[in-house]
Structures are given as structure tokens and as C-alpha cells.
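*Asks:* Chains A and B, in that order, are what the protein sequence lines are.
Quick note: the first sequence uses the working numbering, first residue 49, plus one each step.
Quick note: the second sequence uses the working numbering, first residue 223, plus one each step.
Glycine residues also receive a C-beta, built at the ideal position from the N, C-alpha and C atoms.
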Amino acid sequence: MAAQNKEQKFFEVIKPHSTYEFIGNQKYWIGLSIILVALTFIMLPLNAYVFKSRGHMLNWGVDFRGGTELMIEFSKPIDSGELRKVLAQSGHENADVVRYADPSGKNKNNYMIRLAAVSVVSENQAKQIHESLAKEGDASLKKFEWSEGGDKIYLRYDKPVDPTSLGNSLKAIGIHTTQVQPFGRADENTYEVTLVGIDTDVRRALDAHFGAGAVAAIPQVESVGAKAGKQLQYDGIRSLLYAILLIMVYIAFRFDFRYGPGTVVALLHDAVISIGAFAVTYKEFSLTTVAAVLTIIGFSMNDTIVVFDRIRENAARLRDRRFDRVVNQSINETLSRTIWTSATVFFVTLAMNIFGVGVIRDFAFAMNVGVVVGTYSSIFIASPILIWLNDKYLASQRRQQSKPERNARRKRDELEPGEV
Amino acid sequence: MERSWWWKAVLYGVVTVTACLYLIPTVVPEAKQPALIKKYFQKRIQLGLDLQGGLHLVYEVNVDKAVSGKVDRLSTDIEDRLRKDKGITDVNVVREGRDDIVFTFKPPADQAKLDEAILRDYRKSVDLIERKPDTGVVRLRLDPDQVEEVRDYALRQGIETIRGRVDKFGVAEPTIIKKGTDIIVELPGLKSADFERIKSIIGRTAQLEFKMVDDGSEYMRRLAATVPKDSGIEVVPESWTEKDSGKQHEDVYLRSKNRDALKKFFDEQTGALAVPPDHEIGYEENQGRNEAGEATPDKYWRTFYLHKRASLTGEYLSNADQTWDQQTGRPEVSFEFDRQGAAISERMTGDNIGRKMAILLDDKITSAPVIEGRIGARGRITLGSFGDPFQLQQEAKDLVAVLRSGALPAPLRKTFETQVGPTMGRDSVEKAKFSMYVGAAAVILFMLIYYRFSGLIANIAMILNLLFMIAILAAFEASLTLPGIAGLVLTIGMAVDANIIIYERIREELRMGKSPRTAVDSGFARAFWTVFDAHVTNFVAGVVLYSYGSGPIRGFAVTLLVGIITNLFTSYWLSHWMFDALVGRRGAARATLSI
Numbered sequence: 049m050a051a052q053n054k055e056q057k058f059f060e061v062i063k064p065h066s067t068y069e070f071i072g073n074q075k076y077w078i079g080l081s082i083i084l085v086a087l088t089f090i091m092l093p094l095n096a097y098v099f100k101s102r103g104h105m106l107n108w109g110v111d112f113r114g115g116t117e118l119m120i121e122f123s124k125p126i127d128s129g130e131l132r133k134v135l136a137q138s139g140h141e142n143a144d145v146v147r148y149a150d151p152s153g154k155n156k157n158n159y160m161i162r163l164a165a166v167s168v169v170s171e172n173q174a175k176q177i178h179e180s181l182a183k184e185g186d187a188s189l190k191k192f193e194w195s196e197g198g199d200k201i202y203l204r205y206d207k208p209v210d211p212t213s214l215g216n217s218l219k220a221i222g223i224h225t226t227q228v229q230p231f232g233r234a235d236e237n238t239y240e241v242t243l244v245g246i247d248t249d250v251r252r253a254l255d256a257h258f259g260a261g262a263v264a265a266i267p268q269v270e271s272v273g274a275k276a277g278k279q280l281q282y283d284g285i286r287s288l289l290y291a292i293l294l295i296m297v298y299i300a301f302r303f304d305f306r307y308g309p310g311t312v313v314a315l316l317h318d319a320v321i322s323i324g325a326f327a328v329t330y331k332e333f334s335l336t337t338v339a340a341v342l343t344i345i346g347f348s349m350n351d352t353i354v355v356f357d358r359i360r361e362n363a364a365r366l367r368d369r370r371f372d373r374v375v376n377q378s379i380n381e382t383l384s385r386t387i388w389t390s391a392t393v394f395f396v397t398l399a400m401n402i403f404g405v406g407v408i409r410d411f412a413f414a415m416n417v418g419v420v421v422g423t424y425s426s427i428f429i430a431s432p433i434l435i436w437l438n439d440k441y442l443a444s445q446r447r448q449q450s451k452p453e454r455n456a457r458r459k460r461d462e463l464e465p466g467e468v
Numbered sequence: 223m224e225r226s227w228w229w230k231a232v233l234y235g236v237v238t239v240t241a242c243l244y245l246i247p248t249v250v251p252e253a254k255q256p257a258l259i260k261k262y263f264q265k266r267i268q269l270g271l272d273l274q275g276g277l278h279l280v281y282e283v284n285v286d287k288a289v290s291g292k293v294d295r296l297s298t299d300i301e302d303r304l305r306k307d308k309g310i311t312d313v314n315v316v317r318e319g320r321d322d323i324v325f326t327f328k329p330p331a332d333q334a335k336l337d338e339a340i341l342r343d344y345r346k347s348v349d350l351i352e353r354k355p356d357t358g359v360v361r362l363r364l365d366p367d368q369v370e371e372v373r374d375y376a377l378r379q380g381i382e383t384i385r386g387r388v389d390k391f392g393v394a395e396p397t398i399i400k401k402g403t404d405i406i407v408e409l410p411g412l413k414s415a416d417f418e419r420i421k422s423i424i425g426r427t428a429q430l431e432f433k434m435v436d437d438g439s440e441y442m443r444r445l446a447a448t449v450p451k452d453s454g455i456e457v458v459p460e461s462w463t464e465k466d467s468g469k470q471h472e473d474v475y476l477r478s479k480n481r482d483a484l485k486k487f488f489d490e491q492t493g494a495l496a497v498p499p500d501h502e503i504g505y506e507e508n509q510g511r512n513e514a515g516e517a518t519p520d521k522y523w524r525t526f527y528l529h530k531r532a533s534l535t536g537e538y539l540s541n542a543d544q545t546w547d548q549q550t551g552r553p554e555v556s557f558e559f560d561r562q563g564a565a566i567s568e569r570m571t572g573d574n575i576g577r578k579m580a581i582l583l584d585d586k587i588t589s590a591p592v593i594e595g596r597i598g599a600r601g602r603i604t605l606g607s608f609g610d611p612f613q614l615q616q617e618a619k620d621l622v623a624v625l626r627s628g629a630l631p632a633p634l635r636k637t638f639e640t641q642v643g644p645t646m647g648r649d650s651v652e653k654a655k656f657s658m659y660v661g662a663a664a665v666i667l668f669m670l671i672y673y674r675f676s677g678l679i680a681n682i683a684m685i686l687n688l689l690f691m692i693a694i695l696a697a698f699e700a701s702l703t704l705p706g707i708a709g710l711v712l713t714i715g716m717a718v719d720a721n722i723i724i725y726e727r728i729r730e731e732l733r734m735g736k737s738p739r740t741a742v743d744s745g746f747a748r749a750f751w752t753v754f755d756a757h758v759t760n761f762v763a764g765v766v767l768y769s770y771g772s773g774p775i776r777g778f779a780v781t782l783l784v785g786i787i788t789n790l791f792t793s794y795w796l797s798h799w800m801f802d803a804l805v806g807r808r809g810a811a812r813a814t815l816s817i
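1) Measure the Cβ-Cβ separation of residue 338 (chain A) and residue 259 (chain A) and say whether it is below 7 Å.
2) Which residues in the same chain as residue 126 (chain A) place their Cβ atom closer than 8 Å to its Cβ, once the five residues preceding and following it in sequence are excluded?
3) Thinking C-alpha only, which one of B:271, B:274 and B:246 is nearest residue 261 (chain B)?
4) Does the beta carbon of residue 248 (chain A) come closer than 7 Å to any beta carbon on chain B?
5) Closest to residue 189 (chain A) by C-alpha separation, out of A:173, A:438 and A:238, would be which residue?
6) Kindly say whether residue 245 (chain A), judged by its beta-carbon, lies nearer than 7 Å to any beta-carbon of chain B.
7) Could you name the residues of the same chain whose beta carbon sits closer than 6 Å to that of residue 442 (chain B), not counting the 5 residues immediately before and after it, in chain order?
8) Rounded to whole angstroms, what's the CA-CA distance from residue 210 (chain A) to residue 644 (chain B)? Just pull it up for me.
9) Along chain B, in chain order, which residues have C-beta atoms closer than 7 Å to that of residue 332 (chain A)?
10) Along the segment 407-424 of chain A, where does the CB come closer than 8 Å to a CB of chain B? Name the residues.
11) What three-state label does DSSP hand residue 281 (chain A) in the structure shown?
12) Is the CB of residue 776 (chain B) under 7 Å away from at least one CB in chain A?
13) Do you know how far the Cα of residue 395 (chain A) is from the Cα of residue 15 (chain A)?
14) Indicate the three-state DSSP secondary structure (helix, strand or coil) for residue 553 (chain B) in the structure shown.
15) What residues of chain A sit near residue 410 (chain B), judged by a beta carbon separation below 8 Å?
16) Against chain A, with Cβ distances strictly below 7 Å, would residue 653 (chain B) count as a contact?
17) Could you work out which residues of chain A lie near residue 729 (chain B), taking near to mean beta carbons separated by less than 7 Å?
18) For chain A, find out if any of its Cβ atoms is closer than 7 Å to the Cβ of residue 715 (chain B); answer yes or no.
19) Residue 501 (chain B) by DSSP, collapsed to three states: which one?
20) Pairing CB atoms from the segment 279-294 of chain B with CB atoms from the segment 357-376 of chain B, are three or more of them under 8 Å?
21) For residue 467 (chain B), go through chain A and note every residue whose CB falls closer than 8 Å to its CB, in chain order.
22) Reducing DSSP to helix, strand and coil, say where residue 599 (chain B) ends up.
23) Step through the CB atoms of chain B and report whether any lies within less than 7 Å of the CB of residue 210 (chain A).
24) Can you list, in chain order, the residues of the segment 388-400 of chain A whose Cβ is nearer than 9 Å to any Cβ on chain B?
25) Between which two residues does the alpha helix (DSSP H) harbouring residue 820 (chain B) extend?
26) Are the C-beta atoms of residue 770 (chain B) and some chain A residue less than 7 Å apart?
27) Put residue 701 (chain B) into one of helix, strand or coil per three-state DSSP.
28) Going by beta carbon distance, what residues of the same chain come within less than 7 Å of residue 283 (chain B), once the five residues before and after it are set aside?
29) Apart from the five residues just before and just after residue 336 (chain A), which ones in its own chain have a Cβ nearer than 7 Å to its Cβ?
30) Distance check for residue 382 (chain A) and residue 752 (chain B), CA to CA, integer angstroms please.
31) Looking at residue 359 (chain B): is its Cβ nearer than 7 Å to the Cβ of residue 326 (chain B)?
32) Between residue 443 (chain A) and chain B, is the shortest Cβ-Cβ distance under 7 Å, so that the two count as touching?
33) Could you give the distance in angstroms between the alpha-carbon of residue 508 (chain B) and the alpha-carbon of residue 482 (chain B)?
34) Helix, strand or coil for residue 510 (chain B) per DSSP?
35) List the residues of chain B that residue 284 (chain A) touches, going by C-beta distances under 9 Å, in chain order.
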């Protein structure tokens, strides 16, 4: 029966017993990684300070940058320059205007507009309101409260005023409100002004310039206060570090401490290079991208675990071999696994990248980069670090061993030919 | 086959059939569903906000403002006491920072008059920080516990208010949750045209009113007699006894599970049965209770026949607290009116002892306690005498939040907003579905070519994994977001990974000359920890992602986490079981394996 099995043929792309040299050539591969990581760290400030058209380290989505992102469908062709001009006139300077294909591919007159503002009232306008509403009838303004990005204004007068006439005074200086009403206790004479949404305001401005009905629809609006954006950035970085730390602890627990640091460096490497891909292409870096990077971190561990598992198994079996040879052999033995497991994930994410839209596409792009880098890092980053740590660990152990034994072992190592 | 194989067959069969049952409501249109499904399996996957269209809002509650407001009121109170009881005329009171009240007395010796007697009354609220007899400066600080409490109330109040308003607007299945000092509001399925309106409704400041219930009215008795039998509206008589005089009150009210049905009933009345112009109908939502007084899951709406005029509003309220009844030890709510409010309240309650007073927030009755005595500046609201004390305390806290909303404005500030029109979502789903088919086809094809018959097993396991995943998501009524779909597609790619790892191991074993049966067994056994560790690390990343993300990202994390668990099951145990059938019994084992 055993004889029959030897006859059995498998469909193989990577032949078993391959003897590719990974560890021997590690300096080239590590060099490549260092270049890619360095490129990321060079690209970030370049984007921010040198490339005028970019202006930020990463193309932060509204969720991080703060501001408002609107998708606008026009009923007729609109020139992007003119659109920019109209937005500037209505107080939104330096608006990002990008044409986008809508998912169905039918309507060609779609724009994505990104504004820095969250509220219809800018800081300057707030000052203007403060001044022009100082007197309302015979009542004078005692307190003006407005926080940047807020959709409300609180006005406190020394005498009661009529909310309707307050609304009219605001309208006279071009501030549109949805509601003006008394607020708090009656003797406080405080009035709450609710401003119209920024989407309504933009629509009004565009319709006024391009003709009524020019804006067919605003299918999506997203607005984030600057503070919330900062918080999200901070949370994003923190969660990446948590994930890496937790995974390291698990690996150290399941294998031994030598295996931990290699995985961490590999994970950081994957995360940095994935982010670097976003720095170079200047694709939008949003919450979804952070989700993708976290997924990459989890997934990139798969390959590392496959390789490390085999290293541990072989190290126990082949005690008389040099450790780096064991590692090289283990990588060869598991090569088929590491490549094909990554390939299947690459297939599906590539399909999403090609056919998907919006967030799905950004997510898929990050995954495409991450899957490739993750496979690479388990072979060329995690393993060399493991070898290095192993040598350090053994060196410290050997120091404790008796001298003759150490000499004998060294001799054996030196005699060992560089075969697999 | 071995016996255990058959046992597993039964188990896997049951799991698969159950999964299919859970899947039916999501996949099959409602009209075509069998009656059994309609009865027991109505849970289905909800489309997330980004796919269904809708509004996602995050409000930041200005809790610090609530705290400083509390300090302001305390300082006015203490100043009043000093002037009234101690005859102090020259004292300067300022709030410093958020929590501190600084009194500067002239002459400095007067500082001694802010003595133990006064401080004892406020000992729960403020701590004495410093006292300088030479300059006449006394510094009090709001107690840290109080700070926490005020912040907590401000948040509660925000949530309570928003929920009330959203309910009034009639949005199906809104989600309103607290996250830190933020309130997250998700309103799926809302039409774009309503976005602006609901935003302004949510952001409005609460309107609190006190109205008297006109009990024992002729009108309600006449109307109750006309209620049709099977209209879903019940006529309920109620009675209570005045505490002091023992006088009996009798009344009838209407109740129904459907508020709109009640509303419609009243709106359709004409002539003598129409609601008189000086009255109105108020609605309160109540927990259903059985005869033993235990809460039942049912909720119903009951009516109150109210005098239309609200003599008292939240503007006159200066404070509210959750306290404990001295005699029964039950949670209750005590509140305070300001001077003007106290005068009105005294008159209003004095004339209506034994009657009910309805407390309305944004036109919805939150509570209608019986007035047991004249209420001046301070009043108490008891919350009924049965029920779980802990739950009563929660109710009391909610009511305090409601009461304080008139007096304690902690403004809401919108920090995050996403509006998605329904068409946007529909197109994205189509595209995502297509990429899912392409990706799945590529993976299936690869597995068939590379691993032949074993590839087929992996593919079956992968498809079953998708089935289980979607069934679990449906059972939890999870909402599927666009990133969630990405998670599903990703799972297709990752599902076969474990199989690849196992198959490569089996091939190695076969190359060493082992029989298929042994090779399969040791392949699965040796690959187990590799597969398990890989799943754990993915799971860890997923958990971190879940705790970090909100909205759509959370949807992705959920899909990922569910997928990882079901995948371990299908790609390891279920595949192993299929292989057991393939390699056969020990005696008649196969000679070769298509792998």
C-alpha cells in the first residue's frame, strides 16, 4: 500500500523539497523592507509640506480631518472650476472638488465636495452675528455663545425679545435658521438659534448659481467635528498598538518569548508599509482603512504562525543542525502553504478592488497591499529576528555551559556545511 | 462507518437545517414564507444604515456646562440663605473654574456666619476647601461624587430627550446609545427629505410642563361607553384613595398597545364627543403588569384627560434629585421650584389635592403622580409601590433627568453626522455582491484545480461557513453594513486557508508513504494548533476592531468575528468529518486520495 502512495501525484506549483535560499540572502530582503519603511516615513512629510496639491501627510477622510463631505448629483454638466468658484463665494474656500462615477455608472455629473466647515457659520460670521445682534429692539445682548462647528447659537438678552424678529434679523445678514426659540428659564431671556444644515446651505447656493433644480440629489453627507476627528485618529493608533501587543502576548504564550518580538516587528512593518501605500497613492485614508490595517495585522499572523510552527517542530527534530538552516528549511517546507493561503485572500480582495465601489474599494486596496506585505514579512522579517534572538539566547546559555562543551559545539557549527 | 461518524452526521445535519431555517426570513420574500417560519423564525439580517439609507448622528453632551450650572444654582441658594437667615448684606459670590464657589465677606468677620448649620444642609453637595478669617474668603467646591452624578444625569437627560423626540417622529428601530460623553443616534430607513427636520427636532431643548388630570369627568365616562369591542382599545376603570381625607376618586381611561389607534379614536370623535377645547388627551407608555404586580414584556399606552393649560413649566424648576422615602425606603424624586414657581405650585396643588398631576416632556406624559399634599417650593414624586426597587431607582433617575432638562440645560453639540440616501446604498450592494461572486468563483476554481476532490470538500465547507455566518447574523438580528459585506467576501478567501494548511500537511504525510487514512488523521491532528492559533490572532484583531469602531466598522468587526468562529468549525471539524467518509472504514480504506 505504501508503494502505491509513492506513485501518487499532486498538482503542485511549488515543488516539495525546494531549497530556495531565504535566510542566506536575508540582507537584501531586509534592505528592501528598510527602503519601503523609509519611503513611507519620507512620503508622509513630503505629502504634508512639499507637494502643494496634497497638503496632508495622508489623504485623511472627513472622519479624521473633520469637516463635511457631500456627494452631489447634478442634473446637468457642471464645470469643476466654476463649482469651486461658487463654493468659494459662499464662504468655502479651498474646497476639494472631485468628480466621481456613481455606482450605477449612469450619471456622469457627480461631484464629491469636501469642505473644512461643519457648520454654516464660520468664525468670522459668528463675530459678525455677535456685533449685528448686539441690540434687538430695546434689549441688548448680554451673552453670545457659539462653539465652532456647532449648529446652535445661544443669545442672552437683558430683556425679553421676540424670537420671530430675532430670526428675521439673522436672515437679514444672510444666516438661515430652522428655529429660534426661548431657552432655559423665563427670567434668563436666553434664545436658542438652530442653524440650517450645511447641506441645505450648499444646495441653496448651488441652485442659486446654476439655476433651480441643478442639484438633483445629495445622496450622502458626512460631517465630523474637528475634535471628534482628532479623537478618532488617536483611537485608531491606540487600537493598532493594542492589537499588536495582544497578539504578541498570545504568541509568546503559545510558543516562547523568542517568537514574540519577530511577530511584533513584522506586524509593525506590515502596518507601516500598508499606510505607506496610502501615502504614495494618496488614496483616502478613512476609518475603513484603519479597519483594513487591523484586519491585515490579524491576517498577516496566519503566515507567521504557519512558518513558526514548522520551525518549532523542526528545531526539536533537527537538534544538531544550525538554527538558521532549520529556519530556511522550514520556510521552504511551508512555502506552498504561505503562498496559497495568501493567494486566495488576494483573489477575493482583488475582485473587490476591481468591482467594488467607495469604502469597499479602499478597504480592498489596503488588503491587497497588506496581504502581499504580510506574507513577505513572515518570511523575511519575522524569521530573521527569530534567528537573531535565538542566537542571543543561546549565546547567553552557552556562557553558562562549561568551556569544553562550548568549544566542541562551536567546532560542530563551523564544520556544518551550508546545505539544507 | 464508525458510530461516532453517524453521531456527527446527525449533529451537523441538525446545525445545517437550523441555519437554513434562520436564513429563510432573510432570503425568501415574506409572502412566500411557510407559516412555520413566520411563527418561529422571524429574525432577519437588518440592512445597516449605510445600505438602507438613513441618518447617523453623534452628539457631544456638554456635561461641564451642566456641572457649572449646578454650581451656579447652589451658589445662589447659599447666598439666599445667608441673606435671609443670617442677615448678611455684603457678600460677593463668584464661581471659579467649573466646581468652585468663592464667597468674599465684608467685613471679613462675617465669614463665620457661613457656619455648620448652613453647611450641614449642603454637605452632600459641597466640600469646604478653605476658610481665611483675615480676608473673609471662603471657598467651597462641588463634591466629586456630585460632579459625577450631574454629568451622569446630563447624559441620561440627553438620551431620554432624544429618544422621546425620535419616537414621536415615528422612525422605525432607532438606536440611541451612550459612548463616553457622546450620544450616538442611528436612524435607519429615514427619507432624505426628513433629515433636516429630524435634526432640528433632536437638537431642540426639552419642553417640560405640569398639567392637572381632570379625573372622574363626565366626558370620559360618556366616551368610554362608545368604544367598539374589537378595536384594540380597552376601557379600564381605576380608583384611588386620598391619603389624608380618605376620599375616593374614580376614573376611567383607555388603553391600547398602539398609540396611533388611540389618537385616531379621539381625532375621529365629533360633536358632543369631541375633546372639549379646554381639555386635551395625554398619553403615557406603561409596562404591562400581571395580577401579582410583576412586569410583563407588554407595553401599552394609556390616556389621561388633561386640563389644557399648563400653569407650571420646567422654566420654574430649579432642581431635582433622586431621593429615598423616609418611611418606606423606596426611591422617589424630589424637586424644587424657584420663587415664582413655588407660588404657582402652591396654589395649583393646594386646589387639587387627591388629584393626579401629569408631568409632560415634549408632549409625552412621563409620570402622573397623585398630589398628596400642598406642594410649595419643594415637592416629591413617589413612583408607585410595587416593582423591583432597583428598577424603580432607575425610573426615578430617568425622571430626574427629565425634570432637570427644564432646569439644567446641557446643550448637545453635533460632532459627527452621516447621511446616506437609499439609492447610494442599493447600488453599492449590487457592486459588492458582484465582486463577491467573482471572488468566490476564483477561490472555488482554484481549490478544484489544485486539490481536486479535496478541493470540493473545502468548497463545500466554505459555502457552509457562509451559510452559518449569515444564519448567526440573522439570529442576532445584526445589521449588515457595506464594510460588513467586505467582511463576508473576505471570509470567503480566508475560509479555505485552514483547508490549504491541512491539505498541504496531508500531502506531506502521503509523500512519506502513509496510507490515506493515517495521512488524513495525522494531517488534521498536526495542523490543528497552527489553524487554531491563526484563528485566535485574527479574532484578537477583530475584538480590538470591534471596541474601536462604531457604526459600519462595527458591522465589519462583527462579521469578521462570527466568520472566524464558524470557520474553525467548518474548515476543521466539518471537513475532517467529510474526509472520514472519503477515506473510509479501517478495513476497506481507500488506496489513493484525490488531494
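*Replies:* With the structure as the only source:
1) On the first sequence, residue 338 (chain A) is found 290 positions in, with the first residue counted as 1. On the first sequence, residue 259 (chain A) is found 211 positions in, with the first residue counted as 1. Contact: no.
2) The residue given as residue 126 (chain A) occupies position 78 in the first sequence. Hits under 8 Å: 157, 159, 258 and 262.
3) Within the second sequence, numbered from 1, the residue matching residue 261 (chain B) stands at position 39. Closest by alpha carbon: B:246.
4) Position 200 of the first sequence holds residue 248 (chain A). By this cut-off, residue 248 (chain A) is an interface position.
5) For the purposes of this step, residue 189 (chain A) is identified with residue 141 of the first sequence, where counting begins at 1. Residue A:238 is the option with its Cα nearest to residue 189 (chain A).
6) Within the first sequence, numbered from 1, the residue matching residue 245 (chain A) stands at position 197. Taking Cβ atoms only, chain B reaches closer than 7 Å to residue 245 (chain A), which makes this a yes.
7) For this step, residue 442 (chain B) is matched to residue 220 along the second sequence. So the list reads 474 and 527, once near-sequence residues are dropped.
8) Within the first sequence, the letter at position 162 stands for residue 210 (chain A). Within the second sequence, the letter at position 422 stands for residue 644 (chain B). The alpha-carbon atoms of residue 210 (chain A) and residue 644 (chain B) are separated by roughly 40 Å.
9) Taking the first residue of the first sequence as 1, we reach residue 332 (chain A) at position 284. Within 7 Å Cβ-Cβ: nothing; residue 332 (chain A) doesn't reach chain B, min ~14 Å.
10) 407, 408, 411, 412 and 415
11) The count along the first sequence starts at 1 and reaches residue 281 (chain A) at position 233. Residue state, collapsed to three classes: helix.
12) In the second sequence, residue 776 (chain B) corresponds to position 554, counting from 1. So, not an interface residue.
13) Only positions 49 to 468 of chain A appear in this structure, which leaves residue 15 (chain A) out of reach.
14) What you label residue 553 (chain B) is simply residue 331 of the second sequence in a count that begins at 1. DSSP places residue 553 (chain B) in strand when its eight states are reduced to three.
15) Residue 410 (chain B) sits at position 188 when you count from the first residue of the second sequence. Near residue 410 (chain B) there are no residues of chain A at all, since even the closest Cβ is about 14 Å away, more than 8 Å.
16) Looking up residue 653 (chain B) in the second sequence gives position 431. Yes, contact with chain A.
17) Taking the second sequence and counting its residues from 1, one reaches residue 729 (chain B) at position 507. Residues of chain A passing the Cβ test: 58.
18) Along the second sequence, one-based indexing puts residue 715 (chain B) at 493. Yes, residue 715 (chain B) counts as interfacial toward chain A.
19) Along the second sequence, read from residue 1 onward, the residue named residue 501 (chain B) stands at position 279. Residue 501 (chain B): strand per DSSP, three-state reduction.
20) yes
21) The residue given as residue 467 (chain B) occupies position 245 in the second sequence. In chain order: nothing, as chain A lies at least about 35 Å away.
22) Position 377 of the second sequence holds residue 599 (chain B). If DSSP states are grouped into helix, strand and coil, residue 599 (chain B) belongs with coil.
23) Start at 1 with the first residue of the first sequence, and residue 210 (chain A) comes out as number 162. It does not: the Cβ of residue 210 (chain A) has no partner Cβ on chain B nearer than 7 Å.
24) 388, 389, 390, 391, 392, 393, 394, 395, 396, 397, 398, 399 and 400
25) There is no way to answer for residue 820 (chain B), as the model of chain B reaches only from 223 to 817.
26) The residue you call residue 770 (chain B) lines up with position 548 of the second sequence. Yes, contact with chain A.
27) Taking the second sequence and counting its residues from 1, one reaches residue 701 (chain B) at position 479. Three-state DSSP puts residue 701 (chain B) in a strand.
28) Here residue 283 (chain B) is taken as the residue at index 61 of the second sequence, counted from 1. Around residue 283 (chain B): 376, 377, 380, 403, 405, 632 and 634.
29) Walking along the first sequence from the start, residue 336 (chain A) turns up at place 288. Excluding residues within five positions, the ones whose Cβ falls inside 7 Å are 407, 410 and 411.
30) Taking the second sequence and counting its residues from 1, one reaches residue 752 (chain B) at position 530. Taking the first sequence and counting its residues from 1, one reaches residue 382 (chain A) at position 334. Near 12 Å, if we compare the C-alpha coordinates of residue 382 (chain A) and residue 752 (chain B).
31) Start at 1 with the first residue of the second sequence, and residue 359 (chain B) comes out as number 137. Start at 1 with the first residue of the second sequence, and residue 326 (chain B) comes out as number 104. Contact: yes.
32) As a first step, residue 443 (chain A) must be located in the first sequence, where it is residue number 395. For residue 443 (chain A), the answer is no, since every Cβ of chain B falls outside 7 Å of its Cβ.
33) For the purposes of this step, residue 508 (chain B) is taken as residue 286 along the second sequence, with counting starting at 1. For the purposes of this step, residue 482 (chain B) is taken as residue 260 along the second sequence, with counting starting at 1. When rounded, the distance between both Cα atoms is 15 Å.
34) If you number the second sequence from 1, residue 510 (chain B) lands on position 288. Reduced to three states, the DSSP call for residue 510 (chain B) is strand.
35) Reading the first sequence from its first residue, position 236 is the one you call residue 284 (chain A). Those within 9 Å of residue 284 (chain A) in chain B are 770.
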